[in-house]
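Chemist:
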């Protein structure tokens with residue numbers, strides 16, 4: 013199998029641990045899931061040989077892992093709601109609180125993430141509506157097998173996922189790649205630790221929906 017010619021989302025779906033490799037090299041496997049790995053590597057300027065080597069090690073290990081490719085869709089939907097939706101509703105308000113504190117106290121610091129609080133508040137509002145749409149409209153249709161009604165909703169949600177990818181990029185720009193300055197206070201450090209966790213969670217969440225859940229309901233003939 014030529015990994016470089018495979019869609020990055022398929023690799024993330026089929027090789028346990030691949031998402032960690034993509035995080036290591038800064039590749040977007042969630043919103044950019046349909047692009048070939050070679051294209052993503054070229055766009056990012058990553059080292060293709062080292063990246064493929066890391067992926068091949070995972071293949072050679074062949075460690076068993078829970079595969080959402082074959083698990084019941086009801087289990088996958090429940091996991092998404094419990095693991096991601098519930099977490100965001102607690103996670104984002106705290107990030108907003110920390111961000112507001114950092115912007116207020118360190119407004120004169122050259123590395124101050126000016127505008128981050130407003131950006132996170134916007135994400136919180138939009139993501140809340142997005143999750144509510146899934147929970148009230150999409151997920152019940154999937155469980156009922158009414159896929160013809162679900163497909164228009166899916167197309168809209170994928171578009172919204174693309175927007176969240178751009179919003180994550182904006183967070184990285186505002187925060188200098190989520191890197192706190194030397195000597196940063198505990199609040200600043202905690203904020204950026206939380207932002208890194210949020211970024212990883214959101215990318216994995218979008219991957220599960222775009223590259224697994226949505227693909228499965230399109231192809232499994234409900």
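Numbering (the numbering used here), first residue to last: 13 to 234.
Beta carbons: idealized from backbone N, C-alpha and C, even for Gly.
1) Does residue 4 come out as helix, strand or coil in the three-state DSSP assignment?
2) Report the rounded CA-to-CA distance for residue 204 versus residue 190, giving the unit in angstroms.
3) So, do the segment 64–74 and the segment 193–202 have three or more beta carbon pairs nearer to each other than 8 Å?
4) Measure the C-alpha to C-alpha separation of residue 103 and residue 219 and round it to an integer number of angstroms.
5) How is residue 193 classed by DSSP in three states: helix, strand or coil?
6) So what does DSSP say about residue 152, is it helix, strand or coil?
7) Could you pull the start and end residues of the alpha helix (DSSP H) that residue 222 belongs to?
8) On the three-state DSSP scale, how would you describe residue 84?
9) Residue 24 and residue 38 - do their beta-carbons sit closer together than 8 Å?
10) Please classify residue 19: does DSSP put it in a helix, a strand, or coil?
11) Near residue 18, which residues of its chain fall below 8 Å by C-beta distance, leaving aside the five closest residues on each side in sequence?
12) Between which two residues does the alpha helix (DSSP H) holding residue 79 run?
13) Tell me, to the nearest whole angstrom, how far the beta carbon of residue 146 is from that of residue 169; I am working on the premise that it is less than 8 Å.
14) For residue 29, does the three-state DSSP call read helix, strand or coil?
Modeler: Short version:
1) No information on residue 4 is available, as it lies outside the stretch 13 to 234 that the chain covers here.
2) Distance between the alpha carbons of residue 204 and residue 190: 6 Å.
3) With fewer than three CB-CB distances shorter than 8 Å, the segment 64–74 does not count as touching the segment 193–202.
4) About 19 Å.
5) For residue 193, the secondary structure class from DSSP, reduced to helix, strand or coil, is coil.
6) In this structure, residue 152 counts as helix in the three-state DSSP scheme.
7) Residue 222 -> no alpha helix (DSSP H), and no H or E assigned at all.
8) Correct three-state label for residue 84: coil.
9) No; because the gap between Cβ atoms is not below 8 Å, this pair is not in contact.
10) Strand, per DSSP.
11) For residue 18, where only same-chain residues beyond five positions count, the Cβ hits under 8 Å are 48 and 49.
12) No alpha helix (DSSP H) contains residue 79, which DSSP labels as neither H nor E.
13) That pair is a contact at about 7 Å.
14) Note: residue 29 maps to coil in three-state DSSP.
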